[in-house]
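Quick notes on the structure that follows.
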Amino acid sequence: MGIDTKTKNSGVDNYGRTIDYLRIAITDRCNYRCVYCMPASGVPDKQHNRILSFEQIERIVRVASEFGIKHLRLTGGEPLVRKGCTELAGMLSAIPGIEDIAITTNGALLRRDAKALIENGVSRVNVSLDTLDPEIFHTITRIGSLDDVLDGINAALEAGFKTVKINTVAVRALHQDFFSLARLSVEKPLHVRFIEYMPIGDDDTRSKGIPEESNPFFKDVSTWSASDTIPSDELRELISREAINHGCGPLLPASSSRPDGYGPADYWKFENSKGTVGFISAMSNHFCSQCNRLRLTSDGCLRPCLFSDQEIPLRQALEDNDDEAIRAAFRQALRQKPDAHHTNDGTQRFMSQIGG
Ligand code: SAM
Ligand code: SF4
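In terms of this note's numbering, the sequence shown is residues 523 to 878.
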């Protein structure tokens, strides 16, 4: 007899927040090596062998749905480098209770996969893009080509996703042209969101990730710190000022044209623009009281908070085919979800293993 999930499993945490969103890092591999996310050599091989199979992810999501998880996001690493990512989306969208699947991608393979993603139930896509300058793009990603990503964004718009968002990590040390990125929202229905840089990973981990001895665009990443985070308010004012100088500003509150989604961005827009400009202030303005998510790492740990290394491993439960142990892990994750994050906690993981 199945368990009475309604009475036994609640998706409400200790602080009364409803947790209905699971971010799943389906791989820790990536075809890029963004300087703020991953070491130049990629993630150590030992860890690759431990990534969850599709069947294991499906099993976890079935249990998650008993706890009221309705919204999923596939992330990584780069989710589209994992063979069969679109089929995985199809498997997950067939699970009763799952209402919505989104994906976060670097966009390099979106031209190839956009249509198949939609056919398999993915309705929303976020593409990461930090600059429109091809050389700086290559320096940040260490490998990538800007043209591939711009083509991927166009492919996503053509394929007909419900929303296409651009995620830009704003880092003082990078000297990005934020206004040019924000302006992408004028002509096309793109929602460009600026994310405050999070200096996560301990100093040792981050400095090991820096191979470039010298580079012409920005200071060595190992020296980046909290002061390289640009608070959203400062960034919004900067973009608004530049927009006025270019004759398309200022930014106006966009509460009525917020794009679909389950995240904490604050949305603005230029007059008559097709899209919006959003700001995600994970560092300067904690939105922990509205946090609605859990994370599943690529190697099978439930992570209650991005900023804390507290994790609940699911591997043993999966190896034992023990759904009751997976349920217990979800209950523990909900119990342990902190009321607020403490950015000084740091984390031993690379962002690519947690999924952002
Ligand atoms: N590969 C995909 C991509 O780049 O979109 C998905 C994984 S990536 C880890 C998810 C998001 O985390 C991306 O938007 C990326 O820019 C962001 N990210 C990575 N490291 C970050 C950091 N240190 N601070 C803020 N955002 C970061
Ligand atoms: Fe790869 Fe995304 Fe990390 Fe860049 S941010 S290295 S694309 S996982």
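Built from N, CA and C at the ideal position, the CB exists for glycine as well.
Nearest-angstrom Cα separation, counted from Asp755 out to Gly643:
The sequence position of residue 643 within the sequence shown is 121, counting from 1. The sequence position of residue 755 within the sequence shown is 233, counting from 1. Rounded to the nearest angstrom, the two C-alpha atoms are 36 Å apart.
What are the residues that DSSP puts in a beta bridge with His593?
Here residue 593 refers to the residue found at position 71 of the sequence shown. Answer is Tyr543, Asp622.
May I ask you to list the residues that DSSP assigns as paired with Asp550?
Counting from 1 along the sequence shown, the entry for residue 550 is found at position 28. For Asp550, which the question treats as bridged, DSSP gives no partner whatsoever.
Within this structure, are the beta carbons of Lys637 and Ile620 separated by less than 8 Å?
Walking along the sequence shown from the start, residue 637 turns up at place 115. Walking along the sequence shown from the start, residue 620 turns up at place 98. Against a cut-off of 8 Å, the Cβ pair of Ile620 and Lys637 comes out as no contact.
Using the C-alpha atoms, what's the distance from Gly674 back to Arg539?
As a position in the sequence shown, residue 539 is number 17, starting the count at 1. As a position in the sequence shown, residue 674 is number 152, starting the count at 1. Roughly 36 Å separates the two Cα atoms.
Is Val691 a contact residue of the ligand SAM, with contact defined as CB to any heavy atom under 7 Å?
To locate residue 691, count along the sequence shown from 1; it is residue 169. At a threshold of 7 Å, Val691 counts as near the ligand SAM, since its beta carbon sits closer than that to one of the ligand's heavy atoms.
Going by other Cβ atoms of all chains shown within 10 Å of its Cβ, with 16 needed for buried, is Asn794 buried or exposed?
Mapped onto the sequence shown, residue 794 falls at position 272. Of the other Cβ atoms in all chains shown, fewer than 16 fall within 10 Å of the Cβ of Asn794; this residue is therefore exposed.
Quick one: using the 10 Å Cβ neighbour count with 16 as the cut-off for buried, is Ile573 buried or exposed?
Taking the first residue of the sequence shown as position 1, residue 573 is located at position 51. With a threshold of 16 other beta carbon atoms within 10 Å, Ile573 meets it and is buried.
Output the boundary residues of the beta strand (DSSP E) element that contains Asp788.
Taking the sequence shown and counting its residues from 1, one reaches residue 788 at position 266. For Asp788, the enclosing beta strand (DSSP E) starts and ends at 788-791.
Could you check if Asn628 belongs to the surroundings of the ligand SAM, using beta carbon to heavy atom distance under 7 Å?
In the sequence shown, counting from the first residue as 1, residue 628 sits at position 106. Yes; taking the cut-off as 7 Å, the Cβ of Asn628 has a heavy atom of the ligand SAM nearer than that.
Quick one: what does DSSP say Gly533 is sitting in, helix, strand or coil?
Here residue 533 corresponds to residue number 11 of the sequence shown, with the count starting at 1. In the structure shown, Gly533 adopts coil according to DSSP, grouped into three states.
Do Leu654 and Ser512 come within 8 Å of each other at the CB atom, strictly closer than that value?
There is simply no residue 512 to check, as the chain begins at 523 and stops at 878 in what is shown.
Roughly how far, in whole angstroms, is the beta-carbon of Ala839 from the beta-carbon of Ile848, given that I think they are within contact range, below 8 Å?
Residue 839 sits at position 317 when you count from the first residue of the sequence shown. Residue 848 sits at position 326 when you count from the first residue of the sequence shown. Rounded to the nearest angstrom, the Cβ distance from Ala839 to Ile848 is 5 Å, consistent with a contact under 8 Å.
Please state the DSSP three-state secondary structure of Gly800.
Position 278 of the sequence shown, counting from 1, holds the residue named residue 800. Note: Gly800 maps to strand in three-state DSSP.
Buried or exposed, going by whether 16 or more other CB atoms sit within 10 Å of the CB of Lys605?
Taking the sequence shown and counting its residues from 1, the one referred to as residue 605 is at position 83. Its Cβ having fewer than 16 others within 10 Å, Lys605 is exposed.
Going by DSSP, what residue range makes up the beta strand (DSSP E) through Arg715?
Residue 715 sits at position 193 when you count from the first residue of the sequence shown. Run containing Arg715: 712-718, per the beta strand (DSSP E) assignment.
Using the rule of at least 16 other Cβ atoms within 10 Å of the residue's Cβ for burial, across every protein chain shown, is Thr819 buried or exposed?
As a first step, residue 819 must be located in the sequence shown, where it is residue number 297. By the neighbour-count rule (16 or more Cβ atoms within 10 Å), Thr819 is buried.
beta-carbon Glu600 near the ligand SF4 non-hydrogen atom, thresh 7 Å
If you number the sequence shown from 1, residue 600 lands on position 78. At least one heavy atom of the ligand SF4 is found less than 7 Å from the C-beta of Glu600.
Element boundaries [alpha helix (DSSP H), containing Asn767]:
As a working mapping, residue 767 is identified with position 245 in the sequence shown. Element bounds for Asn767: 754-767.
Any chance the stretch 682-690 sits against the stretch 710-720, with 3 or more Cβ pairs inside 8 Å?
Contact between the stretch 682-690 and the stretch 710-720 is present, because at least three Cβ pairs lie under 8 Å.
Please classify Gln812 as buried or exposed, where buried requires at least 16 neighbouring CB atoms within 10 angstroms.
By one-based count along the sequence shown, residue 812 stands at place 290. Under this definition Gln812 is an exposed residue.
Between Asp788 and the rest of its own chain, which residues show a CB-CB distance below 6 Å, the 5 nearest in sequence each way excluded?
Translated into positions along the sequence shown, residue 788 becomes position 266. Excluding residues within five positions, the ones whose Cβ falls inside 6 Å are Phe801.
Bridge partners for Asn648 per DSSP, in chain order?
One-based indexing of the sequence shown puts residue 648 at position 126. For Asn648, which the question treats as bridged, DSSP gives the partners Thr626, Lys687.
Assuming Thr597 contacts Gly877 (C-beta within less than 8 Å), just tell me the rounded distance between them.
Here residue 597 is taken as the residue at index 75 of the sequence shown, counted from 1. Here residue 877 is taken as the residue at index 355 of the sequence shown, counted from 1. Cβ-Cβ separation between Thr597 and Gly877: approximately 4 Å, consistent with a contact (criterion under 8 Å).
With 16 as the cutoff for other CB atoms within 10 Å, does Glu641 come out buried or exposed?
On the sequence shown, residue 641 is found 119 positions in, with the first residue counted as 1. By the 10 Å Cβ count, Glu641 comes out exposed.
Assign Ala862 to buried or exposed, taking buried as 16 or more other Cβ atoms, counted over all protein chains shown, within 10 Å of its Cβ.
Residue numbering aside, residue 862 sits at position 340 when the sequence shown is read from its first letter. Exposed, because fewer than 16 other Cβ atoms sit within 10 Å of the Cβ of Ala862.
DSSP three-state assignment for Val557, whether helix, strand or coil:
Taking the sequence shown and counting its residues from 1, one reaches residue 557 at position 35. Coil, per DSSP.
Ser820: CB within 7 Å of a non-hydrogen atom of the ligand SAM:
For this step, residue 820 is matched to residue 298 along the sequence shown. False, no ligand heavy atom lies under 7 Å from that Cβ.
Drop a sphere of 10 angstroms on the beta-carbon of Pro656, count the other beta-carbons inside from all chains shown, and report buried for 16 or more, exposed for fewer.
Position 134 of the sequence shown, counted from the start, is the residue given in the question as residue 656. Counting Cβ neighbours within 10 Å, Pro656 comes out exposed, since fewer than 16 surround it.
Straight-line CA distance for Ile625 to Val647?
For the purposes of this step, residue 625 is taken as the residue at position 103 of the sequence shown. For the purposes of this step, residue 647 is taken as the residue at position 125 of the sequence shown. Looking at the two C-alpha atoms, the distance is approximately 5 Å.
Verify whether the separation of the beta carbon atoms of Ile548 and Val583 is less than 8 Å.
Sequence index remark: in the sequence shown, residue 548 carries index 26 (1-based). Sequence index remark: in the sequence shown, residue 583 carries index 61 (1-based). In this structure, Val583 does not lie closer than 8 Å to Ile548 by Cβ.
Let me confirm a value: Asp842 is counted as buried when at least 16 other C-beta atoms fall within 10 Å, else exposed. Which label applies?
Counted from its first residue, the sequence shown places residue 842 at position 320. Classification for Asp842: exposed.
For Pro826, which of helix, strand or coil comes out of DSSP?
Along the sequence shown, read from residue 1 onward, the residue named residue 826 stands at position 304. The answer is coil: DSSP assigns Pro826 none of H, G, I, E or B.
Is Ala862 helix, strand or coil by DSSP?
Counting from one through the sequence shown, the residue named residue 862 turns up at place 340. In this structure, DSSP gives Ala862 a state outside helix and strand, which the three-state scheme calls coil.
Please state the DSSP three-state secondary structure of Thr608.
Numbered from 1 along the sequence shown, position 86 holds the residue referred to as residue 608. Thr608 falls in the helix class under three-state DSSP.
Under the three-state DSSP convention, the category Ala616 falls into:
Locating residue 616 in the sequence shown gives position 94, where the first residue counts as 1. Three-state DSSP puts Ala616 in coil, outside helix and strand.
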